[in-house]
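Peer 1: In the working numbering, the protein residues as written are 1 to 274.
Ideal placement from N, C-alpha and C gives every residue a C-beta, glycine not left out.
Below is the structure I would like to discuss, written out as structure tokens.
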DNA sequence: AAGAGACCCTGGATGC
DNA sequence: TGCATCCAGGGTCTCT
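See below:
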């Protein structure tokens, strides 16, 4: 499932292939992929456009276009981006394709049809309500403490709330909570200042490492050249149920928090001390 | 306002 | 072997 490190890795590979290439035609293979405007208008307005630069906010990809509009895309669960020769047959799960001037085709493939494209005048229409980037200077323990104040929901659920911090999904939430040695069901507002500091630092560290290792490939995530990431080899708790905690050897537990599978060390991540 | 749960989807895994 | 059911989860929506 693409989270911040996967989205950034994909964008880094995609950028040199799509920037400055006029889009000569747009093929919508499944109309539901276009969230706004309507499919016909999307097709008409994208034709002839050129990507000037790319960007990212949380898990959203931003493609800044030459008419000052912005193509915003979200991969959700199973979205993939590839750039292939235009003559290559479509895959069953291809949903959207942009024909580029150099004869290549930029394709969006998405088995489960959760991914979306938005063509907007201002990207803030889509990403305006997101919290800070985890690697931003303003994402600190103090900031986190302010956001968590009074909140009774599980810290795991709050880490997944994109309005608090943008880009974290199920994998990195579990990994960060393990690194900070916090139980995923701790109430957000119960975290002490030092625990907030530790959690903010853990989030930054896990995101930095996952970026360096080009993301986590468990199933569907692929870089645009088809190769997998490497962070799956660095996972300490995620999807390691029953395997020994890398720190103390206790078998990793799996529970459901906020409807999401959650993995943690039951000995080192406890709800209350003593 | 905040929190909990449903919903959207497909296909792989599991169970009978 | 074949069929039904469960499960994965990001974001949005509804309900309380």
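#1: Can you have a look at residue 109 and say buried or exposed, based on whether 16 or more other CB atoms are within 10 angstroms of its CB?
#2: For residue 274, collect the residues of the same chain with a Cβ closer than 7 Å to its Cβ; drop the 5 residues on either side in sequence, then sort them by chain order.
#3: Could you spell out the range, first to last residue, of the beta strand (DSSP E) harbouring residue 175?
#4: Within 8 Å, do at least three Cβ pairs link the segment 3-10 to the segment 155-168?
#5: Beta-carbon separation of residue 212 and residue 188 under 8 Å?
#6: Determine the closest residue to residue 83 out of 105, 125, 131, with distance taken between C-alpha atoms.
#7: To the nearest whole angstrom, what separates the beta carbons of residue 190 and residue 257, a pair I think is in contact under 8 Å?
#8: Compare the beta carbon distance of residue 200 and residue 144 with 8 Å and say whether it is the shorter of the two.
#9: When the Cα atoms are used, what is the spatial distance from residue 20 to residue 186?
#10: Taking 6 Å as the limit between beta carbons, can you name the residues of its chain near residue 127, skipping five residues before and five after?
#11: Note down the Cα distance separating residue 42 from residue 99, rounded to an integer number of angstroms.
#12: Please classify residue 236: does DSSP put it in a helix, a strand, or coil?
#13: What's the call for residue 103, buried or exposed, on a 16-neighbour Cβ count within 10 Å?
#14: For the beta strand (DSSP E) containing residue 265, list its first residue and its last residue.
#15: In the DSSP assignment, what residue or residues form a beta bridge with residue 187?
#16: What's the C-alpha gap between residue 283 and residue 203?
#17: Determine whether the beta carbon atoms of residue 69 and residue 18 lie at a separation below 8 Å.
#18: State yes or no: is the C-beta of residue 33 within less than 8 Å of the C-beta of residue 46?
#19: Leaving out five residues on either side along the sequence, give the residues of the same chain with a beta carbon under 6 Å from the beta carbon of residue 251.
#20: Measuring straight from C-alpha to C-alpha, what distance separates residue 93 and residue 219?
#21: Can you name the start and end residues of the beta strand (DSSP E) that residue 70 belongs to?
#22: Where do the ends of the alpha helix (DSSP H) carrying residue 23 lie?
#23: Just the C-alpha distance for residue 215 and residue 234, rounded to the nearest angstrom, thanks.
#24: Output needed for residue 266: all residues of its chain with C-beta closer than 7 Å, excluding positions within five of it in sequence on either side, in chain order.
#25: Under 8 Å Cβ to Cβ from residue 264, same chain only, skipping five residues before and after it: list those, please.
#26: Starting from residue 85, trace the beta strand (DSSP E) both ways and give me its first and last residue.
#27: Is residue 54 near residue 65, with beta carbons less than 8 Å apart?
Peer 2: On the basis of the data shown:
#1: buried
#2: Any reading at residue 274 is ruled out, since the residue's pLDDT is 34, under 50, leaving its predicted position unreliable.
#3: It is not in any beta strand (DSSP E) - residue 175 instead sits in the alpha helix (DSSP H) that spans 170-179.
#4: yes
#5: no
#6: 105
#7: With 8 Å as the limit, residue 190 and residue 257 do not qualify as a contact, their Cβ atoms being about 15 Å apart.
#8: yes
#9: 48 Å
#10: 57, 60
#11: 14 Å
#12: coil
#13: exposed
#14: Counting along the chain, residue 265 falls outside any beta strand (DSSP E), and DSSP gives it neither H nor E.
#15: 154
#16: Any property of residue 283 remains undetermined from this structure, which presents the chain solely from 1 to 274.
#17: no
#18: no
#19: 242
#20: 15 Å
#21: 70-74
#22: Segment 23-28 is the beta strand (DSSP E) holding residue 23; no alpha helix (DSSP H) there.
#23: 10 Å
#24: 250, 253
#25: 174, 177, 178, 183, 184, 237, 252, 253, 255
#26: 79-85
#27: no
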